[in-house]
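Engineer:
Numbering (the numbering used here), first residue to last: 60 to 249.
(1) What's the C-alpha gap between residue 90 and residue 143?
(2) Look up residue 192 in the DSSP assignment and say whether it is helix, strand or coil.
(3) So, for residue 206: in the same chain, excluding its five sequence neighbours on each side, which residues have a beta-carbon less than 6 Å away from its beta-carbon?
(4) By DSSP, does residue 70 sit in helix, in strand, or in coil?
(5) Counting pairs of Cβ atoms below 8 Å between the segment 181–190 and the segment 121–136, do you hit three or more?
(6) Can residue 225 and residue 157 be called in contact, C-beta distance under 8 Å?
(7) Helix, strand or coil: which one does DSSP assign to residue 186?
(8) To the nearest angstrom, how far is it from the Cα of residue 212 to the Cα of residue 203?
(9) Is residue 246 buried or exposed, if buried means 16 or more other CB atoms sit within 10 Å of its CB?
(10) Could you check whether residue 231 and residue 184 sit closer than 8 Å to each other, using their CB atoms as the reference points?
(11) Could you compute how far the alpha carbon of residue 217 sits from the alpha carbon of residue 69?
(12) Provide the residue span of the alpha helix (DSSP H) that contains residue 228, from first to last.
(13) So, helix, strand or coil for residue 161, using DSSP?
(14) According to the neighbour-count rule (16 or more other Cβ atoms, all chains shown, within 10 Å of its Cβ), is residue 55 buried or exposed?
(15) Of the residues 164, 160, 87, which one's Cα is nearest the Cα of residue 145?
(16) Is residue 113 closer than 8 Å to residue 174 when the C-beta atoms are compared?
(17) Let's see if you can read the secondary structure: which residues bound the alpha helix (DSSP H) around residue 131?
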């Protein structure tokens with residue numbers, strides 16, 4: 060077996076490294092750390108529009124490029140090398156992969172194209188106040204009512220939650236644990 064990166068993967072690494080050396084210098088990182096948003100929206104948009112990074116591992120039928128985890132890892136390694144300040148991991152890894160494995164075609168069609176385009180900055184709220192994140196530890200309750208759902212409980216450590224415009228929340232209903240798409244301006248969300 061050959062565990063070396065392919066020529067295409069090496070080219071992707073160089074492409075991303077070159078971009079990040081220009082856009083995510085040590086000074087840029089320090090500057091972004093002092094902002095409320097924590098990242099440069101212009102760089103985020105360039106990542107989406109010029110490089111297609113947000114679309115990299117999202118299947119083509121949802122507006123992505125259809126690459127796999129190896130290419131995603133190459134990008135993540137370079138982002139870590141540059142200490143990129145951006146909601147990439149929360150949107151393109153946590154939220155996108157959760158949607159892809161959810162089995163909910165309507166949710167995939169509704170949210171993955173926005174993540175792929177960079178328009179949607181998503182995150183996953185799955186860690187309970189107790190620190191548990193496994194299915195058995197999900198205690199947030201979801202109850203149906205008036206054409207929607209009411210979620211009652213606390214989620215902790217929501218990565219990039221302050222800047223997300225889509226929050227996928229794991230909560231328990233009578234049917235078991237489900238994911239709920241919550242807008243950041245939803246009533247009662249703090």
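From the three backbone atoms N, C-alpha and C, an ideal C-beta is built for every residue, glycine too.
Structural biologist: Judging by the given coordinates:
(1) Position 31 of the chain shown, counted from the start, is the residue given in the question as residue 90. Position 84 of the chain shown, counted from the start, is the residue given in the question as residue 143. When rounded, the separation of the alpha-carbon atoms in residue 90 and residue 143 is 12 Å.
(2) As a working note, residue 192 is residue 133 in the chain shown. The answer is coil: DSSP assigns residue 192 none of H, G, I, E or B.
(3) Counting from 1 along the chain shown, the entry for residue 206 is found at position 147. Cβ neighbours of residue 206 beyond the five flanking positions: none.
(4) As a first step, residue 70 must be located in the chain shown, where it is residue number 11. In the three-state DSSP reduction, residue 70 falls in the helix class (H, G or I).
(5) Between the segment 181–190 and the segment 121–136, the count of C-beta pairs closer than 8 Å stays below three; the two stretches do not touch.
(6) Numbered from 1 along the chain shown, position 166 holds the residue referred to as residue 225. Numbered from 1 along the chain shown, position 98 holds the residue referred to as residue 157. In this structure, residue 225 lies away from residue 157, with their beta-carbon atoms at least 8 Å apart.
(7) What you label residue 186 is simply residue 127 of the chain shown in a count that begins at 1. Shown here, residue 186 sits in coil according to DSSP, grouped into three states, outside any helix or strand.
(8) Residue numbering aside, residue 212 sits at position 153 when the chain shown is read from its first letter. Residue numbering aside, residue 203 sits at position 144 when the chain shown is read from its first letter. Answer to the nearest angstrom: the Cα atoms are 15 Å apart.
(9) Locating residue 246 in the chain shown gives position 187, where the first residue counts as 1. Burial check for residue 246: the Cβ neighbour count within 10 Å stays below 16, so the residue is exposed.
(10) Numbered from 1 along the chain shown, position 125 holds the residue referred to as residue 184. Numbered from 1 along the chain shown, position 172 holds the residue referred to as residue 231. Their beta carbons are not under 8 Å apart, which means residue 184 does not touch residue 231 by this criterion.
(11) The count along the chain shown starts at 1 and reaches residue 217 at position 158. The count along the chain shown starts at 1 and reaches residue 69 at position 10. Whole-angstrom Cα-Cα distance: 33 Å.
(12) Within the chain shown, numbered from 1, the residue matching residue 228 stands at position 169. Premise fails: residue 228 lies in the beta strand (DSSP E), 225–232, not in any alpha helix (DSSP H).
(13) Mapped onto the chain shown, residue 161 falls at position 102. For residue 161, the three-state secondary structure derived from DSSP is coil.
(14) Since the first and last residues shown for the chain are 60 and 249, residue 55 lies out of range.
(15) Counting from one through the chain shown, the residue named residue 145 turns up at place 86. With distances taken between Cα atoms, residue 145 lies closest to 87.
(16) As a position in the chain shown, residue 174 is number 115, starting the count at 1. As a position in the chain shown, residue 113 is number 54, starting the count at 1. Yes.
(17) Working through the chain shown from its first residue, we reach residue 131 at position 72. Annotation: the continuous alpha helix (DSSP H) that includes residue 131 extends over 128–141.
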